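Student:
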Amino acid sequence: MRLTSFRRDGTRIHAGIATEHGIIDVHEGMALVNDERPATPASLSDIIRGTNETVHLGAVSVIQEVIEQLQTGSDISYWFGGVEMLMRRNDVQLLAPLADIPYWRRCALHLPSYEALFRRSGEAMPMHWYEHIPIWAGYAPQLWGDRAVLPFPDTTQCDVECEVVWVIGRDVRDCDAEEGLDAILGLCLMATVVDATRATEDVLHGQWSRPSGVVMGPVLTCVDELVEFMLPDGRFRIDVRLLVNDVQVAHINLRDVHYTMGSAVAHACDGQSVEAASVFSSGVVMSLSLAGGAWLVPGDTVEIDAGPLGALRWTMEG
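In the numbering used here, the protein residues as written are 1 to 318.
1) By a C-beta neighbour count over all protein chains shown, 10 Å radius and 16 as the cutoff for buried, is H14 buried or exposed?
2) Could you give the residue range of the alpha helix (DSSP H) that holds M358?
3) Using 10 angstroms around the beta-carbon of T221, count the other beta-carbons present and answer buried if the total reaches 16, otherwise exposed.
4) Assuming P38 and D146 make a contact with CB atoms under 8 Å, what is their CB distance in whole Å?
5) If you check the beta carbons only, do C188 and I304 fall under 8 Å apart?
6) Could you tell me if H128 is buried or exposed, where buried requires 16 or more neighbouring beta carbons within 10 angstroms of its beta carbon?
7) When burial is assigned at 16 or more other CB atoms within 10 Å of the CB, is T4 buried or exposed?
8) Specify the secondary structure class of A276 as computed by DSSP and reduced to three states.
9) Closest to I24 by CA distance: which of A291, V172, N52 and V62 is it?
10) Would you call W79 buried or exposed, if buried means 16 or more other Cβ atoms sit within 10 Å of its Cβ?
11) By Cβ distance, which residues of its chain are closer than 6 Å to R49, with the 5 residues on each side in sequence left out?
12) Please go through the same chain and pick out, in chain order, the residues whose beta-carbon is closer than 6 Å to the beta-carbon of T54, but skip the five residues on each side of it.
13) Find the nearest neighbour of L226 within the set G213, Q248, G186 and R255, judged by alpha-carbon distance.
14) State the Cα-Cα distance for the pair G299 and N90, rounded to the nearest angstrom.
15) I'd like the span of the alpha helix (DSSP H) that includes A177, first residue to last.
16) Is the beta carbon of V274 less than 8 Å from the beta carbon of L109?
17) Jot down the residue ranges of each uninterrupted alpha helix (DSSP H) in the stretch 27–69, minimum 4 residues, whole runs only, in chain order.
18) Using the Cβ count rule (16 or more neighbours within 10 Å means buried), how would you classify R235?
19) For the stretch 60–144, list the beta strand (DSSP E) runs that are entirely contained and at least 3 residues long, ordered along the chain.
20) Is D256 helix, strand or coil by DSSP?
21) What does DSSP give as the partner residues of R241 in its beta bridges?
22) Where T301 and D171 are concerned, what is the direct C-alpha to C-alpha distance, given to the nearest angstrom?
23) With respect to the beta strand (DSSP E) encompassing S5, which residues constitute its N-terminal and C-terminal limits?
24) Can you grab the Cα-Cα spacing for the pair Y114 / E84, in whole Å?
25) Exposed or buried, T260, counting other C-beta atoms within 10 Å across all chains shown (16 or more means buried)?
26) Taking Cβ to Cβ, would you say A268 is nearer than 8 Å to R105?
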């Protein structure tokens, strides 16, 4: 299952299911599985938390199954019982899958990236980073979705930092890495467009301000869609490529990260609870500056392609 959030015609944010035929509106689709539905759409975060007895992940899965059974070959129906439940991708604005998160836990899964940032400042990375995965708060003034147009930062050294995001599907506390991995609901991509000179300051001094916002998406791909890419140690064998104007400038395979996503969850919930719908990000796994690429300029189209996770694409304002 692939989950997302979207907006259409200036309406409020709706949770959706991304399928090959289009985006299923969860709020409208509730009419297929329940006689009563909430008066207002539930956010994807609330659905994951299960705060509503009617709208939860189990109901969402049933909606997808029902609509997929109604689609036979090329005979696709977008209206069911006079209600438009399935929408074409180009008719909606995809948002960050969890568009309402106030902050997330940012980690450092790929230590070589951070070693390079520290060396750039003439310093060595602290030894404790090699022993326990560092975690700090990440936030952004605005979260953008797939195919967004981002304002260009006031800088001549405009870098893009690529990350992978994972979302917890149930409450966890005092778990090990294996249990932490089992608690992960799904993965998506994240990118930050930033002044390259700020990136090093962020690492050294714990600052993390993103005036241009953060791009997240394209959808939240649930782990059950990624079984064939999962390695025995909890890493994912997924190649992630960074392209600018359709030219590859950097790539990494997630099997090469230093820490696993499950170990990050285990460290975060040591002695405390981590609630369902909590969001983690990998920290920088690659960037233009780390790859020796040219800085972004206005009008550039940027894409992160991660195979089974989809492709997250946006354009810098010209």
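Even for Gly, the Cβ is constructed at its ideal location relative to N, Cα and C.
Owing to the predicted nature of the structure, the values given are computational and were not obtained by experimental measurement.
Tutor: With the given structure in hand:
1) With 16 or more other Cβ atoms within 10 Å, it is buried.
2) Since the first residue of the chain shown is 1 and the last is 318, residue 358 is not available in this structure.
3) By the C-beta density criterion, T221 is buried, having at least 16 other C-beta atoms within 10 angstroms.
4) Actually they do not touch by this definition, with Cβ atoms about 26 Å apart.
5) No, the Cβ-Cβ distance between C188 and I304 is not below 8 Å.
6) Counting the other Cβ atoms within 10 Å of the Cβ of H128 gives fewer than 16, which makes it exposed.
7) Looking at its Cβ environment, which holds 16 or more other Cβ atoms inside 10 Å, T4 is buried.
8) Correct three-state label for A276: coil.
9) Restricting attention to A291, V172, N52 and V62, the CA atom closest to the CA of I24 is found in V62.
10) W79 comes out exposed.
11) Residues of the same chain with a CB within less than 6 Å of the CB of R49, apart from the 5 flanking positions on each side, are A276 and A277 in chain order.
12) N34, listed in sequence order.
13) Considering only alpha carbons, the answer is G186.
14) G299 and N90: Cα-Cα distance of roughly 21 Å.
15) Taken as a continuous stretch (DSSP letters only), the alpha helix (DSSP H) holding A177 covers A177 to D182.
16) Against a cut-off of 8 Å, the Cβ pair of L109 and V274 comes out as no contact.
17) Fully enclosed alpha helix (DSSP H) runs of no fewer than 4 residues occupy 44–49 of the stretch 27–69, in order along the chain.
18) R235 comes out buried.
19) 93–95, 104–107 and 135–138, all fully within the stretch 60–144.
20) In the three-state reduction of the DSSP assignment, D256 falls in the helix class, which pools H, G and I.
21) For R241, the beta-bridge partners assigned by DSSP are H251 and D305.
22) Cα to Cα, T301 sits roughly 38 Å from D171.
23) If you look at S5, you'll find it in the beta strand (DSSP E) that goes R2 to R7.
24) Going from the Cα of Y114 to the Cα of E84 covers about 47 Å.
25) T260 counts as buried, since at least 16 other C-beta atoms from the protein chains shown sit within 10 angstroms of its C-beta.
26) R105 sits close to A268, with the two beta carbons spaced by under 8 Å.
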